[in-house]
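If you count by full-length UniProt numbering, then the sequence shown holds residues 1 to 293, one letter each, in order. Have a look at the structure below, then the notes.
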Amino acid sequence: MIRSPWKKLLLRFRHWATLSDLVGAPLRRDGPAPIAPKRRSYTSRRDKRKNHHQCDNTHMKANNRSVFITGGGSGLGAAIARHLARLGWRVALAGRNQTRLDGAAAELKKMGTPAQVFALDVANASAVEAAIREFRPDALVCCAAIMGRGDVWGELTPGLFAQVMATNVSGTFNTCAAAMKLWKENGIKGDIVNISSLGGIRGMQKFSGFSAYAASKHAIVGLTEALSIDGRTHGIRVNAVAPGTINTAMTEALGLEPKTQPDQLAPTVAFLLDRQQSELISGTTMEVHCNDD
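Next up, the structure:
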């Protein structure tokens, strides 16, 4: 029998060999030898930071959700479509150019994601609503836009200004309104991401010849904030993304120096559409700065 209180205390911790040396006498062992405690694994701070920032798309799988993308035939819209398809989204592409839409859909088909195509002008509200009600999406990405380059002394006529606003602003409104009506009727908690621009952010650098474009992208920010209030009571989220100059055929034709690749922006859009990641975010415009933006 062990009578020493120190030995009893040491036995409670069950560190046989080491504690025997401490008390100067062997400890009595009744029964099987104790199991040595497991050492806790150690993860360095560097590894923790690496694991925290590492992009793991497994939690962002769409679970068969569907997305309607305007301007989806090329450029940013097509890049977003490819990224969302990899995450399991069902995709519909909308735009004015049937050839480009078919080409983008063919790329998605090679990835194993057949896409539905709608050749339409987003400025045509009835055409947009018909497409939305046919596809019945869970989410929207509004990319359709034109630049309308020109200054007030030359190419920027009232007609061109109105055309830019019709596509960029009215087109976005038409698409959002059609989807939000459908979602409210069916109790669907939908998600919208509108594409604005750093040129549409107050205080950001503006460029000569893009007055109409900048005005339209400012309007997208305001529209996004207002629609998010309308959708709040119905569980509908509306956000926007404001990138810098993106490397697309449109910016190349205008001689703009691109700083952002379309594929760089797509994960941000996916994040805003993922309710597990961004459920509490609505009415926000995310500024995406790359390189010298």
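Positions of the beta carbon are idealized from the N, C-alpha and C atoms, including for glycine.
- By the Cβ-count criterion, Lys217 is buried, with 16 or more other Cβ atoms from all chains shown falling within 10 Å of its own Cβ.
- Ala92 is not a Cβ neighbour of Leu120, given a cutoff of 8 Å.
- Under DSSP, Ser66 forms a beta bridge with Arg90.
- If you check the CB distance, Ser208 and Asp151 come in under 8 Å.
- For Pro158, the uninterrupted alpha helix (DSSP H) segment begins and ends at 158 to 165.
- The three-state reading of DSSP puts Ile146 in coil, since its state is none of H, G, I, E or B.
- When beta bridges are read from the DSSP output, Leu140 appears opposite Phe68, Ile192.
- With distances taken between CA atoms, Val141 lies nearest to Ala242 out of Thr233, Ala242, Ala215.
- For Pro243, the enclosing beta strand (DSSP E) covers residues 237 to 243.
- In this structure, DSSP gives Val288 an extended state, which the three-state scheme calls strand.
- If you look at Val128, you'll find it in the alpha helix (DSSP H) that goes 125 to 135.
- Pro158 places its beta carbon 8 Å or farther from that of Phe68.
- In this structure, DSSP gives Gly95 an extended state, which the three-state scheme calls strand.
- Assignment of Ala115 by DSSP, reduced to helix, strand and coil, places it in the coil class.
- Here DSSP, grouped into helix, strand and coil, assigns Thr224 to helix.
- Looking from the CA of Thr284, the closest CA among Gln276, Asp102, Tyr213, Asp191 belongs to Asp191.
- Distance check between Asn97 and each of Gly88, Ala81, Thr70 places Thr70 closest, using alpha-carbon atoms only.
- The continuous alpha helix (DSSP H) containing Glu185 extends over residues 171 to 186.
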